[in-house]
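Have a look at the structure below before the remarks.
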Amino acid sequence: MSAGITFADCLEMVQEARAQGLSAPLVLMGYENPLLAYGEKQAAADAAAAGADGFIVVDLPPDEASTFRQACEEQDVSFVPLIAPTTAEKRMKTITSAANSFIYCVSVTGTTGQRAELPPSIGELVTTIRRYTELPIAVGFGVSTRDQVAEVGSVAEGVIVGSAIISAIEAGTVDGCVERVRSYVERVTGRSVDKS
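So the mapping is simple: this note's numbering equals the position in the sequence shown, first residue as 1, plus 147.
And the structure:
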């Protein structure tokens, strides 16, 4: 947002990525205010038309998101709720019932970004969340190294890496961007990434 990128700009990027052959699920992550300014129903409709598969709205709890959740449901895009280490267990049932694709488990309190270590309580948090849902659980916030990906992958179905990929993007020119991200993903996952 500080660079002047709008929600409409993001949708253009989604559309371009799909046009270039991206087939992986693509979930938009951001804040509620841009969606309100754009219009929640229109945001869901335009995101679906562009090829997005869902939304993670970090400051929109499910119990305050009924209008947006309904708009997403009407467009067959997911609303992905977040559960943090500070989420009371009694709220987890409400939060998980709002999900239709996966649960985003926030590994640490505070802001996202790379960390040297992840808290040892991630496994316990994932186990607690599992009491309330059969949906896949993906853990993110602070995950950036191969060891962390392996650690999280041993307790959850999904691992979310964001800030480290942004760092790879910002580490050089536009021309080398795709290769930097591919190299990072191969390094952190231990798998080869298809170059097509």
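Beta carbons: idealized from backbone N, C-alpha and C, even for Gly. Predicted model only: the values in this text are computed from it and were never measured.
*Run through DSSP, which three-state label would Phe178 get?*
Residue numbering aside, residue 178 sits at position 31 when the sequence shown is read from its first letter. Here residue 178 turns out to be Tyr, not Phe, going by the sequence shown. Correct three-state label for Tyr178: coil.
_For the ligand NAD, is there any heavy atom lying closer than 7 Å to the beta carbon of Cys252?_
No copy of the ligand NAD appears in this structure; indeed no ligand is present at all.
*Run through the region 186-256 for me and flag every whole alpha helix (DSSP H) of 4 or more residues, listed as ranges in chain order.*
187-197, 213-221 and 236-244
_So, under 8 Å CB-CB, Ala218 and Glu179 are touching, yes? Tell me the CB distance rounded to an integer number of Å._
Here the question's residue 218 lines up with position 71 in the sequence shown. Here the question's residue 179 lines up with position 32 in the sequence shown. Going by Cβ atoms, the distance from Ala218 to Glu179 rounds to 13 Å, so no, they are not a contact pair.
*Where Gly305 sits in the DSSP three-state scheme*: Working through the sequence shown from its first residue, we reach residue 305 at position 158. Of the three classes helix, strand and coil, the one that applies to Gly305 here is strand, per DSSP.
*So the alpha helix (DSSP H) Gly289 belongs to, where does it begin and stop?*
Numbered from its first residue, the sequence shown carries residue 289 at position 142. No alpha helix (DSSP H) holds Gly289; DSSP gives it neither H nor E.
*asked:* Along the chain, where does the alpha helix (DSSP H) containing Ile316 start, and where does it finish?
replied: Position 169 of the sequence shown, counted from the start, is the residue given in the question as residue 316. Counting along the chain, the alpha helix (DSSP H) containing Ile316 begins and ends at Ser310 to Glu317.
*Going along the chain, which residues of its own chain have a beta-carbon closer than 6 Å to the beta-carbon of Tyr279, five neighbours each way excluded?*
In the sequence shown, counting from the first residue as 1, residue 279 sits at position 132. So the qualifying residues of the chain are Met239, Lys240 and Thr243.
*From what residue to what residue does the alpha helix (DSSP H) around Leu158 run?*
Residue numbering aside, residue 158 sits at position 11 when the sequence shown is read from its first letter. Unbroken alpha helix (DSSP H) run through Leu158: Phe154 to Ala166.
*Name the residue from Glu317, Ile313 and Ile284 whose alpha carbon lies nearest to the alpha carbon of Ser301.*
In the sequence shown, the residue the question calls residue 301 occupies position 154. It is Ile284 whose Cα lies nearest to the Cα of Ser301.
*How long is the line joining the alpha carbons of Glu211 and Glu326, rounded to whole angstroms?*
Taking the sequence shown and counting its residues from 1, the one referred to as residue 211 is at position 64. Taking the sequence shown and counting its residues from 1, the one referred to as residue 326 is at position 179. Computed Cα separation, rounded: 40 Å.
*Report yes if the CB atom of Ala195 is closer than 8 Å to the CB atom of Asp223, and no otherwise.*
Counted from its first residue, the sequence shown places residue 195 at position 48. Counted from its first residue, the sequence shown places residue 223 at position 76. Contact flag set, yes.
*Alpha carbon of Gln295 to alpha carbon of Asp341, nearest angstrom*: Stepping through the sequence shown from its first residue, residue 295 is reached at position 148. Stepping through the sequence shown from its first residue, residue 341 is reached at position 194. Going from the Cα of Gln295 to the Cα of Asp341 covers about 23 Å.
*Using a Cβ-Cβ cut-off of 7 Å (strictly less than) and excluding sequence neighbours within five positions of Ala166, which residues of its own chain qualify?*
Here the question's residue 166 lines up with position 19 in the sequence shown. None.
*Taking the CB atoms as reference points, tell me whether Ser170 and Gly201 lie closer together than 8 Å.*
On the sequence shown, residue 170 is found 23 positions in, with the first residue counted as 1. On the sequence shown, residue 201 is found 54 positions in, with the first residue counted as 1. No.
*Give me whichever residues DSSP pairs with Ile284 in a beta bridge.*
As a first step, residue 284 is located in the sequence shown; it is residue number 137 there, counting from the start. Answer by DSSP bridge pairing, in chain order: Ile250.
*Quick one: what does DSSP say Ala278 is sitting in, helix, strand or coil?*
The count along the sequence shown starts at 1 and reaches residue 278 at position 131. According to the sequence shown, residue 278 is Arg rather than Ala. Arg278: coil per DSSP, three-state reduction.
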